[in-house]
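Encoded as structure tokens, the structure appears first; notes follow it.
Number of protein chains: 2
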Amino acid sequence: MVVAESGFPSPLLNLDQGDPLIFESFWSKFNDECTVVIKGNDLMSYMSDPSNVCWFLLPVLRDAIKRIHGVVGNAVTDGKHIVVGTGSTQLFKAALFALSSPDSPLPMNVVALAPYYSEYKDEIEVLSSSLFQWSGDANVYDKDEAYIEVVTSPNNPDGAIRGPVVKSRAEGKLIHDLAYYWPQYTAITDNADHDIMLFTFSKCTGHAGSRLGWAIVKDIEVAEKMTKFIRLSSIGVSKESQTRAAKIIQVICDNYHNPGSAESNLFFHYSKRLMLERWEKLSEVIKNSNVFTVARSQGAYCLFTNESSESHPGFAWLKCKEGIEDCEGYLRKLKIISRSGKRFGVDAKYARLNLLCNDAFFDEFLMRLSNNKWISG
Amino acid sequence: MVVAESGFPSPLLNLDQGDPLIFESFWSKFNDECTVVIKGNDLMSYMSDPSNVCWFLLPVLRDAIKRIHGVVGNAVTDGKHIVVGTGSTQLFKAALFALSSPDSPLPMNVVALAPYYSEYKDEIEVLSSSLFQWSGDANVYDKDEAYIEVVTSPNNPDGAIRGPVVKSRAEGKLIHDLAYYWPQYTAITDNADHDIMLFTFSKCTGHAGSRLGWAIVKDIEVAEKMTKFIRLSSIGVSKESQTRAAKIIQVICDNYHNPGSAESNLFFHYSKRLMLERWEKLSEVIKNSNVFTVARSQGAYCLFTNESSESHPGFAWLKCKEGIEDCEGYLRKLKIISRSGKRFGVDAKYARLNLLCNDAFFDEFLMRLSNNKWISG
């Protein structure tokens, strides 16, 4: 893994990983309200809630998750089961286990429409499991065998709004990865109501270091199997992270429920503005570029903000003009580290860059993109 | 999974899982010293230390881990790599991945001497991986194929001190699971210096809810592979848990470094006394029992406490007398939930019971064991 070199300005500007530091400025304003205090003998047991399918989920976090989806209107939680995980990464695998069967003679084929999130493939292949296998682009899947389609919406890397695409007549199951289905990235157009929906604290609020995700699951047997997988993987999920996520989500919701809140104190409004500003600046640079174009899905009317809204993906999905075949390599000459389109199942003319980095990185990124001396270098 | 019913006294006394609540009384005395305060914009990045192999390990935790092993003298950390995990459960799997190879035509055989920790088998088998497979009791392993032996010492369930036992001439690799190699459970007889050593915060201090473990790894390639596995499983480990573990470990070490500390403020001395008291009470009940015997390994001279010391395992490993073939079933008649010997690779005459439960559970356990009305019921 390539990592940011310490200190800045760095010779290499690392925009490979989607570290969401952009939102720090909001949380520094609410440092005190969001503070959690954990004493020596707090949170010691494995157990959180023996009465719940997901027995390691703290009730206070369960309530906070239901509350924030109620405030935003982006996912139905009523009558569903919430399973907490060590990031949505762990939950993705838990869902694959829940949807596949050791009794099946063939591994389940896992597909996603290209360009797809680069890590799905690696996360599956590292296990070398006979339960499931990575089968690539959902758009060309034509086997007669059962499959799992991962529907990532908005999509990572390109922010596209998606539904399932597999045309096979075989039995298919769906996992909806809704990590970016929050108002700062996209218009909230409906209250999602799918069988398995994955969310992550990282992309919702920017707290990536907490490694906290949740799944909203319709079927109790699926929730039980996911819980079992997490038990056998890590015997639950950090209670410190759960406690903190609950607190931060409560602060977001409290501000929305307070009619006197200034807009700058409303997290999704504030963070949407940050994303809008970045996209305006980036679009300007791209417009003046003779090298790159950038993907951006259409806007829509957002039921949460009650206004028409452009999309503001967390990544720039750049495409090089004809004649430049290796976008990642080209960017590397500008001393910018990106992730090649090849990792996302498309060709190398594309590359993904993190737009959730801190201000210094973002400004440097724009400068390097727009600076012809670098481009010709 | 069978869980404790809410409220107490409960009709069913659940001593199946090893929840280490016994140590709460110590931490309540140090609630203030151990308090961690985490503000809104703390710990947001995925990244902890780009210069380290394990880039998601917080330096403050790395230093605390090295320090506590220095204080106790139970493991060599100099010149080694520390990999943090979501409990040692995640690290166990990370180690299996690091020691096996996708290029190998056959799965690695994973073995452990029976009675072995019941979860190894389930944790491996849930993955259905072609990289490795559970191959049972190390004592009867006679294949000519490469293997990984898990050496659990002190052993779960019975507290035995162990070394490797496989006699096969095939190439073997070792994982040392030293979760219970702390002074409250056993005499510290040497500064362990194995290739891969697993420890967990749960059993060291009793903070099971934090899901925090660490591996001390000699070979940098193994540490890199383990780090990669954890990246693909959960993109790191909760920073809130890391921060808290660092703080609590520092408090333990500070007290040991303060020459004026009362013995009751020294965690390992205090917790050893708790374990000793429980084992004295349990031994008395067992002595008067006409049904059970209990495993207990020999004592030894402890280099940490500078005294000869009995072992005080975290579990009671009970055996029923002749004529009672199903110890778990027998205990269930006493309304005690235990884990059958069959789960540990031996016969059903044995059962494991958690001795790290809270006082109310432990007292009730002794009462039910010694109460003839129950036994005859």
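If you read the protein sequences in the order shown, they are chains A and B.
So for the first sequence, UniProt numbering puts the first residue at 1; every next one is plus one.
So for the second sequence, UniProt numbering puts the first residue at 1; every next one is plus one.
For glycine and all other residues, C-beta sits at the position ideal for the given N, C-alpha and C.
Backbone secondary structure at residue i - three-state DSSP
{"i": "residue 359 of chain A", "result": "helix"}
{"i": "residue 14 of chain B", "result": "strand"}
{"i": "residue 329 of chain A", "result": "helix"}
{"i": "residue 310 of chain B", "result": "coil"}
{"i": "residue 262 of chain B", "result": "coil"}
{"i": "residue 140 of chain A", "result": "helix"}
{"i": "residue 54 of chain B", "result": "coil"}
{"i": "residue 33 of chain B", "result": "coil"}
{"i": "residue 81 of chain B", "result": "strand"}
{"i": "residue 319 of chain A", "result": "strand"}
{"i": "residue 100 of chain B", "result": "coil"}
{"i": "residue 223 of chain A", "result": "helix"}
{"i": "residue 149 of chain B", "result": "strand"}
{"i": "residue 27 of chain A", "result": "helix"}
{"i": "residue 194 of chain B", "result": "coil"}
{"i": "residue 120 of chain B", "result": "helix"}
{"i": "residue 208 of chain A", "result": "helix"}
{"i": "residue 90 of chain A", "result": "helix"}
Short CB-CB distance (under 8 Å) between residue i and chain A
{"i": "residue 152 of chain B", "result": "no"}
{"i": "residue 386 of chain B", "result": "Past the edges of chain B, shown from 1 to 377, lies residue 386 of chain B, and the structure says nothing about it."}
{"i": "residue 12 of chain B", "result": "no"}
{"i": "residue 345 of chain B", "result": "no"}
{"i": "residue 31 of chain B", "result": "yes"}
{"i": "residue 4 of chain B", "result": "Here residue 4 of chain B scores only 42 on pLDDT, less than 50, and its place in the model is too uncertain to base an answer on."}
{"i": "residue 21 of chain B", "result": "yes"}
{"i": "residue 237 of chain B", "result": "yes"}
{"i": "residue 364 of chain B", "result": "no"}
{"i": "residue 27 of chain B", "result": "yes"}
{"i": "residue 97 of chain B", "result": "yes"}
{"i": "residue 234 of chain B", "result": "yes"}
{"i": "residue 59 of chain B", "result": "no"}
{"i": "residue 271 of chain B", "result": "no"}
{"i": "residue 105 of chain B", "result": "no"}
{"i": "residue 24 of chain B", "result": "yes"}
{"i": "residue 115 of chain B", "result": "no"}
{"i": "residue 17 of chain B", "result": "yes"}
Sequence-distant residues of the same chain with beta carbon closer than 7 Å to residue i, five excluded per side
{"i": "residue 19 of chain A", "result": "208, 354, 356, 357"}
{"i": "residue 261 of chain A", "result": "255"}
{"i": "residue 320 of chain B", "result": "291, 292, 327, 330, 349"}
{"i": "residue 210 of chain B", "result": "201, 241, 244, 245"}
{"i": "residue 345 of chain A", "result": "114, 115, 116, 136, 137"}
{"i": "residue 106 of chain A", "result": "145"}
{"i": "residue 216 of chain B", "result": "75, 77, 80, 82, 197"}
{"i": "residue 118 of chain A", "result": "339, 343, 344"}
Cβ distance (whole Å) where residue i is taken to contact residue j below 8 Å
{"i": "residue 147 of chain B", "j": "residue 108 of chain B", "result": "7 Å"}
{"i": "residue 82 of chain B", "j": "residue 67 of chain B", "result": "Actually they do not touch by this definition, with Cβ atoms about 12 Å apart."}
{"i": "residue 76 of chain A", "j": "residue 191 of chain A", "result": "5 Å"}
{"i": "residue 218 of chain A", "j": "residue 121 of chain A", "result": "Between residue 121 of chain A and residue 218 of chain A the Cβ distance is about 27 Å, and since that is not below 8 Å, they are no contact."}
{"i": "residue 159 of chain B", "j": "residue 295 of chain B", "result": "7 Å"}
{"i": "residue 112 of chain B", "j": "residue 149 of chain B", "result": "7 Å"}
CB contact below 8 Å: residue i versus chain B
{"i": "residue 80 of chain A", "result": "no"}
{"i": "residue 374 of chain A", "result": "In this prediction, residue 374 of chain A scores a pLDDT of 42, lower than 50, which makes its location untrustworthy; the coordinate-derived value is nonetheless stated afterwards. Closer than 8 Å: no."}
{"i": "residue 208 of chain A", "result": "yes"}
{"i": "residue 279 of chain A", "result": "no"}
{"i": "residue 292 of chain A", "result": "no"}
{"i": "residue 201 of chain A", "result": "no"}
{"i": "residue 244 of chain A", "result": "yes"}
{"i": "residue 157 of chain A", "result": "no"}
{"i": "residue 240 of chain A", "result": "yes"}
Same chain, Cβ closer than 8 Å to residue i, five either side skipped, listed in chain order
{"i": "residue 229 of chain B", "result": "93, 94, 97, 98"}
{"i": "residue 193 of chain A", "result": "75, 76"}
Cβ-heavy atom distance, residue i to the ligand GTP, below 7 Å
{"i": "residue 80 of chain B", "result": "Absence of the ligand GTP from the depicted structure is noted, as is the absence of any ligand whatsoever, leaving it without description."}
Same chain, Cβ closer than 6 Å to residue i, five either side skipped, listed in chain order
{"i": "residue 64 of chain B", "result": "246, 249, 250"}
With 9 Å as the C-beta to C-beta threshold (strictly closer), list the residues of the region 37 to 48 of chain A near chain B in chain order.
37, 38, 39, 40, 41, 42, 43, 44, 45, 46, 47, 48
Report the residues of the region 121 to 147 of chain A with a CB closer than 7 Å to any CB of chain B, ordered along the chain.
122, 123, 126, 127, 128, 129, 130, 131
Can you give me, in chain order, the residues of the region 82 to 95 of chain B that have a beta carbon less than 9 Å from any beta carbon in chain A?
85, 86, 87, 89, 90, 93
Scan the region 212 to 231 of chain A for residues whose Cβ lies nearer than 8 Å to a Cβ of chain B and list them as they occur along the chain.
So the close ones are 212, 228, 229, 231.
Please list the residues of the region 247 to 266 of chain B that have a C-beta atom closer than 8 Å to any C-beta atom in chain A, keeping them in chain order.
248, 251
Would you list, in chain order, the members of the region 312 to 327 of chain B that have their beta-carbon closer than 8 Å to a beta-carbon of chain A?
none
Contact list for the region 163 to 191 of chain A against chain B, Cβ threshold 7 Å:
Going along the region 163 to 191 of chain A in chain order, one finds no residue with a Cβ nearer than 7 Å to chain B.
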